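Counting along the sequence shown from 1, when you hit position 617 you're at 617 in full-length UniProt numbering, and nothing is skipped either side. Where a beta carbon is used, it is the ideal one built from N, C-alpha and C, also for glycine. Predicted, not measured: the structure shown is a model, and the values here were computed from it. One structure below.
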Amino acid sequence: MMASKNQVISATQFSWNQNQVASKWSQWGDRLAATVQKWHLLPLMMGFLLGRALILDEISPFIVPYFMVMFFLKRDSLFISTIALLGGAFTHSVPLGLESLLSIVIAYMACRVAGKFRRKDFSRLPIIVLVSLFVSHLLFDVVTGQVTTYNLVMIGVEGVLSFVLTLIFIQSLSIIHLSKPYEPLKNEEIVCLVILLASLMTGTVDWTIRGVSMEHVLSRYLLLLFAFAGGGTIGAAVGVVTGLILSLANVNALQQINLLAFAGLLAGLLREGGKVGVSTGLLIGASILAIYGGAEDMLYVSLVESSLAILLFVLTPAVIWKKIARFIPGTPENLQSHQDYMRRIRDVTAGKIRKFSDLFTQLSRSFAQTAATSELKEKQIDDFISRVTGFSCQRCWKKEQCWERETKSTYDSMKTLAETVYEFGTLQGQAVPRDWERKCVKSDKMIELMEQEYERNHAYDQLKKQVLESRMLVADQLSGVSRVMSDFAKEIQREGLELSLQEKQVSHALEGLGLSVRRVDIHSLDEGNVDIEISQPTCYGRDECAKIVAPMLSEILGENIVVKDRQCEAFKDGHCKMCLTSARTYEIEIGVAGAAKDGKLLSGDSFKTMDLGNGRMALAISDGMGNGERAFMESQSALEILQQLLKAGIDEKLSIKTVNSVLALRSTEEMFATVDLALIDLKSAHTRFVKIGSTPSFIKRGTDVITVTANNLPAGILEEIEVDVVSRTLKPGDLLVMMSDGIYEAPRHIENRQMWMKRIISELATNDPQEVADLLLERVIRQHSGNIVDDMTVLVARVDRFVPQWSAIHVKGMDRIERPRVVS
Numbered sequence: 001m002m003a004s005k006n007q008v009i010s011a012t013q014f015s016w017n018q019n020q021v022a023s024k025w026s027q028w029g030d031r032l033a034a035t036v037q038k039w040h041l042l043p044l045m046m047g048f049l050l051g052r053a054l055i056l057d058e059i060s061p062f063i064v065p066y067f068m069v070m071f072f073l074k075r076d077s078l079f080i081s082t083i084a085l086l087g088g089a090f091t092h093s094v095p096l097g098l099e100s101l102l103s104i105v106i107a108y109m110a111c112r113v114a115g116k117f118r119r120k121d122f123s124r125l126p127i128i129v130l131v132s133l134f135v136s137h138l139l140f141d142v143v144t145g146q147v148t149t150y151n152l153v154m155i156g157v158e159g160v161l162s163f164v165l166t167l168i169f170i171q172s173l174s175i176i177h178l179s180k181p182y183e184p185l186k187n188e189e190i191v192c193l194v195i196l197l198a199s200l201m202t203g204t205v206d207w208t209i210r211g212v213s214m215e216h217v218l219s220r221y222l223l224l225l226f227a228f229a230g231g232g233t234i235g236a237a238v239g240v241v242t243g244l245i246l247s248l249a250n251v252n253a254l255q256q257i258n259l260l261a262f263a264g265l266l267a268g269l270l271r272e273g274g275k276v277g278v279s280t281g282l283l284i285g286a287s288i289l290a291i292y293g294g295a296e297d298m299l300y301v302s303l304v305e306s307s308l309a310i311l312l313f314v315l316t317p318a319v320i321w322k323k324i325a326r327f328i329p330g331t332p333e334n335l336q337s338h339q340d341y342m343r344r345i346r347d348v349t350a351g352k353i354r355k356f357s358d359l360f361t362q363l364s365r366s367f368a369q370t371a372a373t374s375e376l377k378e379k380q381i382d383d384f385i386s387r388v389t390g391f392s393c394q395r396c397w398k399k400e401q402c403w404e405r406e407t408k409s410t411y412d413s414m415k416t417l418a419e420t421v422y423e424f425g426t427l428q429g430q431a432v433p434r435d436w437e438r439k440c441v442k443s444d445k446m447i448e449l450m451e452q453e454y455e456r457n458h459a460y461d462q463l464k465k466q467v468l469e470s471r472m473l474v475a476d477q478l479s480g481v482s483r484v485m486s487d488f489a490k491e492i493q494r495e496g497l498e499l500s501l502q503e504k505q506v507s508h509a510l511e512g513l514g515l516s517v518r519r520v521d522i523h524s525l526d527e528g529n530v531d532i533e534i535s536q537p538t539c540y541g542r543d544e545c546a547k548i549v550a551p552m553l554s555e556i557l558g559e560n561i562v563v564k565d566r567q568c569e570a571f572k573d574g575h576c577k578m579c580l581t582s583a584r585t586y587e588i589e590i591g592v593a594g595a596a597k598d599g600k601l602l603s604g605d606s607f608k609t610m611d612l613g614n615g616r617m618a619l620a621i622s623d624g625m626g627n628g629e630r631a632f633m634e635s636q637s638a639l640e641i642l643q644q645l646l647k648a649g650i651d652e653k654l655s656i657k658t659v660n661s662v663l664a665l666r667s668t669e670e671m672f673a674t675v676d677l678a679l680i681d682l683k684s685a686h687t688r689f690v691k692i693g694s695t696p697s698f699i700k701r702g703t704d705v706i707t708v709t710a711n712n713l714p715a716g717i718l719e720e721i722e723v724d725v726v727s728r729t730l731k732p733g734d735l736l737v738m739m740s741d742g743i744y745e746a747p748r749h750i751e752n753r754q755m756w757m758k759r760i761i762s763e764l765a766t767n768d769p770q771e772v773a774d775l776l777l778e779r780v781i782r783q784h785s786g787n788i789v790d791d792m793t794v795l796v797a798r799v800d801r802f803v804p805q806w807s808a809i810h811v812k813g814m815d816r817i818e819r820p821r822v823v824s
């Protein structure tokens with residue numbers, strides 16, 4: 001059925017009106033908050049109510065603790081708070097006001113005496129409050145002549161209550177005035193906050209309008225707020241604490257403990273019904289206990305009080321109860337607040353990392369900047385001529401003729417000679433212009449000086465070249481680090497995606513199959529890079545993770561999912577944890593065989609198979625110079641450095657250059673190592689080969705054998721090398737054969753080793769990587785009558801298309817999970 005145009009317009013207008021109302025409420029709330037803060041209305045109201053509050057109708061333990069905590073916590077509102085405290089006390093009775101004034105004066109003097117304490121050092125504050133209150137009340141009783149045993153006991157009781165209330169106010173007032181909006185409150189902090197709010201309500205005792213008690217209305221309103229924000233547990237706890245405090249202030253209100261606790265529990269349990277459900281829970285709870293009291297007029301008054309509380313609750317803007325819910329652990333608002341905070345932290349962290357990335361990029365450009373080659377050579381020739389003539393022409397008697405009357409011809413001749421020296425390195429055996437020999441009376445000396453100057457310049461140029469090459473390497477390394485940091489910043493921001501909806505979908509799908517799931521955590525849903533953690537009760541070896549969970553996820557995600565890791569009974573209560581990830585399009589099976597020269601234990605060859613993440617795998621062989629322990633250390637060190645660089649995200653060319661620089665610079669002795677590297681993309685089987693002084697690799701495809709070669713010197717010989725990358729795309733069933741020179745160059749009597757090796761590989765009947773490696777090693781050793789003439793290593797990898805062990809499981813009624821879209 002299609003919606004009419006008027007229906008669409010009205011729905012749009014309704015949505016716009018809702019947004020407009022919400023915006024106006026938000027603006028009104030911001031203006032109200034600014035007004036409250038500007039005029040200190042919150043400390044004013046709290047001070048007035050606490051000044052009126054009494055316990056047992058005769059002691060006021062709230063005034064001094066509130067004054068002292070505000071003195072140390074928020075001194076800019078201290079004057080307003082003091083006026084409000086005294087105003088509340090004097091409105092109750094003059095003696096209470098005078099006693100409160102004396103207590104505040106003595107407490108202020110105690111604070112001045114204890115001025116060495118830091119502003120927010122609360123460690124000794126309860127003791128100061130206890131002593132100040134005891135001294136002030138005792139002095140007041142002495143002045144008024146009311147020193148009795150009963151009064152002394154009541155002073156002691158009030159002092160103990162003030163001591164406890166000081167500790168409570170430190171917690172609760174810190175929440176109000178120094179709130180940390182992204183940290184959930186502890187249970188103790190919630191109780192302290194409720195005690196403070198209930199203490200404020202005791203200041204409204206005896207406030208009645210036509211028989212309706214304001215303290216009952218406000219207490220039930222407070223109950224509704226916390227029950228709606230935190231649920232049944234919080235509602236019941238708030239009801240008990242509020243009822244207890246109110247009953248201490250008014251003994252006749254003792255039944256309020258039962259009423260508020262029961263009503264708070266019911267209201268919280270009906271929280272899912274929204275404000276209507278919470279209000280219904282309060283009405284039911286209050287009515288039941290009112291009926292239990294047995295008086296009809298009591299039921300009527302209770303309903304009126306509950307109705308007024310509900311009216312206040314309905315009129316309360318959502319921003320207020322949402323702010324309360326943000327502090328209560330376990331609530332959706334608290335979770336959202338924490339996620340917002342973590343997202344901001346991620347954004348800030350990513351921003352700082354991106355700034356470092358930009359810094360490294362700029363540094364890389366600075367190192368890479370060089371002068372133009374033509375301008376540099378022209379200036380070099382001019383400097384060369386200037387230095388040579390400085391030694392030869394300055395004292396020559398023909399200087400005036402050569403450099404004043406025939407300047408251009410002399411300069412052109414000198415430039416020709418200089419270019420000849422720079423091209424051949426010497427003028428010996430080179431044709432010197434006859435005009436020059438006739439013109440220059442010191443021709444032989446001039447040629448000798450040119451050759452000497454060239455030698456000095458050549459040495460200097462070599463040094464400059466090395467410095468320039470080092471600068472270019474540093475520039476490449478800085479650029480590589482910049483790229484890694486930039487990618488890392490993007491990855492940090494991608495981790496902040498909200499995937500709770502997808503987690504619920506996975507959980508419901510598993511429960512639909514009869515599995516009990518404790519928790520589902522989705523770290524990534526990127527296609528080809530899925531990362532999910534699931535915990536569930538142990539299956540007692542039935543392998544449910546591989547047989548049920550992974551196939552079900554394969555169906556609802558639309559790609560093959562496999563179990564990457566499992567921890568059976570990882571938790572003490574018998575629950576297991578499994579990690580599931582995307583299966584690769586291709587998988588690699590490895591076979592390796594090797595032998596040390598002369599049958600020794602330690603070979604100078606090293607090999608590594610490296611999982612680089614993101615569906616990439618690296619195979620590498622390194623052959624250190626010579627044999628034995630030193631060669632092994634060189635080759636092993638080269639591969640270790642290479643592995644760390646590749647896993648850090650540095651591209652293969654820069655990684656190889658860095659390894660070369662490390663080997664070339666870390667020792668003055670001659671040492672080098674070959675590196676044979678193959679990087680395989682398991683999603684497409686596209687392979688990049690980097691060969692530094694290594695032998696060819698071979699790809700066996702059926703009966704055909706393809707050679708992969710590259711001409712580069714071994715790492716460590718030159719400080720700067722050019723790295724050639726050769727690309728090939730492998731196919732399912734292909735065998736990739738990599739070997740060290742001990743295998744490739746072993747048959748020394750054979751002229752064309754490459755053709756011989758291709759023939760040997762093509763004749764192999766097996767397709768098993770380990771068997772191929774063993775057969776090649778055996779064939780080469782037999783070629784030398786059982787002698788192992790060099791360190792030998794052969795690494796064979798077979799590429800196969802991934803086939804899941806279990807087929808996908810279709811869950812009836814479960815649609816495909818929608819992946820989050822990321823705009824980079």
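Check	Outcome
What is the rounded straight-line gap between the Cα of ILE106 and the Cα of VAL142?	15 Å
At what residue ranges does the stretch 274-331 contain a whole run of the alpha helix (DSSP H), taking only runs of 4 or more?	274-293, 296-315, 318-326
DSSP three-state call for ASP543: helix, strand or coil?	coil
With a threshold of 8 Å on Cβ separation, who are the neighbours of ARG518 within its own chain once the five nearest residues in sequence on each side are excluded?	SER535, GLN536, PRO537, HIS575
Mind checking which residues open and close the beta strand (DSSP E) that includes MET739?	735-739
Quick one: what does DSSP say CYS576 is sitting in, helix, strand or coil?	strand
Starting from the Cα of THR233, find the closest Cα among GLY330, ILE209, VAL157 and give me that residue.	GLY330
Would you grab the beta carbon distance between LEU125 and THR166 for me? Rounded to a whole angstrom, and I think it's under 8 Å.	6 Å
Quick check on GLN255: does DSSP put it in helix, strand or coil?	coil
Could you give the DSSP three-state label for residue 829: helix, strand or coil?	Limits of the chain in this structure are 1 at one end and 824 at the other, which puts residue 829 out of reach.
What residue range does the alpha helix (DSSP H) around ASP774 cover?	769-783
Do three or more CB pairs link the stretch 580-597 to the stretch 744-755 at distances below 8 Å?	no
Write down every uninterrupted run of the beta strand (DSSP E) in the stretch 578-639 whose length is 3 residues or greater and which is fully enclosed by it, in chain order.	586-595, 605-613, 616-624
Suppose contacts are defined by Cβ-Cβ distances below 8 Å. Is LEU96 in contact with SER60 by that definition?	yes
If you count every other CB in all the chains shown that lies within 10 Å of the CB of PHE48, and 16 or more means buried, which is it?	buried
Just how far apart, CA to CA, sit ILE699 and ASP531?	33 Å
Secondary structure at GLU751, three-state DSSP: helix, strand or coil?	coil
Use the C-beta contact count for SER366: other C-beta atoms within 10 angstroms, 16 or more gives buried, fewer gives exposed.	exposed
Output the distance between the C-alpha atoms of residue 862 and VAL212, rounded to the nearest integer angstrom.	Only positions 1 to 824 of the chain appear in the structure, and residue 862 is not among them; the question remains open.
Comparing C-alpha positions only, which one of LEU777, ASP800, VAL803 sits nearest to ASP791?	LEU777
Which partner residues does THR797 have in the DSSP bridge list?	The displayed chain sequence assigns Ala, not Thr, to residue 797. Answer is ILE590, LEU736.
On the DSSP letters alone, give me the boundaries of the beta strand (DSSP E) that ARG52 sits inside.	Per DSSP, ARG52 belongs to no beta strand (DSSP E); it is in the alpha helix (DSSP H), 41-52.
Taking only three categories from DSSP, how would you classify ILE209?	strand
Helix, strand or coil, according to DSSP, for GLU533 in the structure here?	strand
Output the boundary residues of the beta strand (DSSP E) element that contains SER524.	519-524
Go ahead and pull the three-state DSSP assignment for GLN567.	strand
For GLY693, decide whether its Cβ has a neighbour in chain B, counting only Cβ atoms nearer than 8 Å.	Absent from the structure is chain B; it holds one protein chain and no more.
Whole-angstrom Cβ separation of ALA746 and GLN805, contact assumed at under 8 Å?	Not quite, the Cβ-Cβ distance comes to about 41 Å (not below 8 Å), so this is no contact.
Tell me which residue opens and which closes the alpha helix (DSSP H) that ALA746 is part of.	Here ALA746 belongs to no alpha helix (DSSP H), and DSSP marks it neither H nor E.
Would the stretch 447-465 count as touching the stretch 388-397 if we require 3 or more Cβ pairs under 8 Å?	yes
Thinking ILE522 and GLU503 are a contact (beta carbons under 8 Å), I'd like their distance in whole angstroms, please.	5 Å
Where do the N-terminal and C-terminal ends of the beta strand (DSSP E) with VAL690 fall, by residue?	686-692
Among the candidates GLY51, ILE80, VAL64, whose CA atom is the shortest distance from the CA of HIS92?	GLY51
On a Cα-Cα basis, can you pick out the residue from GLY88, PHE72, SER302, CYS568 that is closest to LEU54?	GLY88
Less than 8 Å between the beta carbons of GLU587 and ASP800, yes or no?	yes
Can you give the Cα-Cα distance for SER10 and TYR292, rounded to whole angstroms?	With a pLDDT of only 42 at SER10, under 50, the local geometry of the prediction cannot be trusted, and the value read off the model is given with reservation. Taking the straight line from one Cα to the other gives about 50 Å.
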